[in-house]
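Each residue of the sequence shown is one higher than the last, beginning at 0 in numbering that gives the first Met the number 0. Note that the Cβ used here is the ideal one computed from N, Cα and C, for glycine as well. The structure appears right after this line, and notes come after that.
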Amino acid sequence: MRTRYVTGRERGLWQCRGMLDRKEYAIKQIHFLGTGRDAVLKEVEILCSMHHENIVRYFQSWIRDGIQELALPRSVSDAFGVSEDDSEESIASELADSTLYIAMEYCPMTLN
Numbered sequence: 000m001r002t003r004y005v006t007g008r009e010r011g012l013w014q015c016r017g018m019l020d021r022k023e024y025a026i027k028q029i030h031f032l033g034t035g036r037d038a039v040l041k042e043v044e045i046l047c048s049m050h051h052e053n054i055v056r057y058f059q060s061w062i063r064d065g066i067q068e069l070a071l072p073r074s075v076s077d078a079f080g081v082s083e084d085d086s087e088e089s090i091a092s093e094l095a096d097s098t099l100y101i102a103m104e105y106c107p108m109t110l111n
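Here is the structure:
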């Protein structure tokens, strides 16, 4: 299962279900050039250190270098049971520096 919530050239957010634990996760994707790496990694450090009932839980993160994949990479698709198709959601890859993926707790509620 996968639902894309935010899409764009540099960011993406998906709701996915883990194949092993069957739990729902939010996978956040952030594309960045080498010069912006420190700022982007700061977000991971902050999420990792936060433990509060009103903040979504951080699970893990990883970086893929070289190719920016605006659709979920195969490793994420396999791990979270995502199936890609050739629809408008599958955007062509292009050369880029790095893409950060952050797996977080899925929260179905909004602040409204």
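Which value, in whole angstroms, describes the spacing of the CA atoms of residue i and residue j?
{"i": "residue 13", "j": "residue 108", "result": "15 Å"}
{"i": "residue 54", "j": "residue 40", "result": "18 Å"}
{"i": "residue 59", "j": "residue 46", "result": "10 Å"}
{"i": "residue 38", "j": "residue 50", "result": "21 Å"}
{"i": "residue 104", "j": "residue 25", "result": "6 Å"}
{"i": "residue 35", "j": "residue 61", "result": "16 Å"}
{"i": "residue 106", "j": "residue 17", "result": "15 Å"}
{"i": "residue 97", "j": "residue 15", "result": "22 Å"}
{"i": "residue 22", "j": "residue 48", "result": "22 Å"}
{"i": "residue 92", "j": "residue 20", "result": "The predicted position of residue 92 is uncertain, since its pLDDT is 37 and thus under 50; a value taken from the coordinates is nonetheless stated next. Answer to the nearest angstrom: the Cα atoms are 30 Å apart."}
{"i": "residue 52", "j": "residue 32", "result": "33 Å"}
If you compare alpha carbons, which of the options is closest to residue i?
{"i": "residue 64", "options": "106, 47, 30 and 40", "result": "30"}
{"i": "residue 42", "options": "100, 105 and 104", "result": "100"}
{"i": "residue 11", "options": "27, 17 and 19", "result": "27"}
{"i": "residue 44", "options": "51, 57 and 35", "result": "57"}
State the beta-bridge partners of residue i as determined by DSSP.
{"i": "residue 103", "result": "25 and 57"}
{"i": "residue 64", "result": "97"}
{"i": "residue 50", "result": "According to DSSP, which records beta bridges pairwise, residue 50 is partnered with nothing at all."}
Can you tell me where the beta strand (DSSP E) holding residue i begins and where it ends?
{"i": "residue 12", "result": "10-16"}
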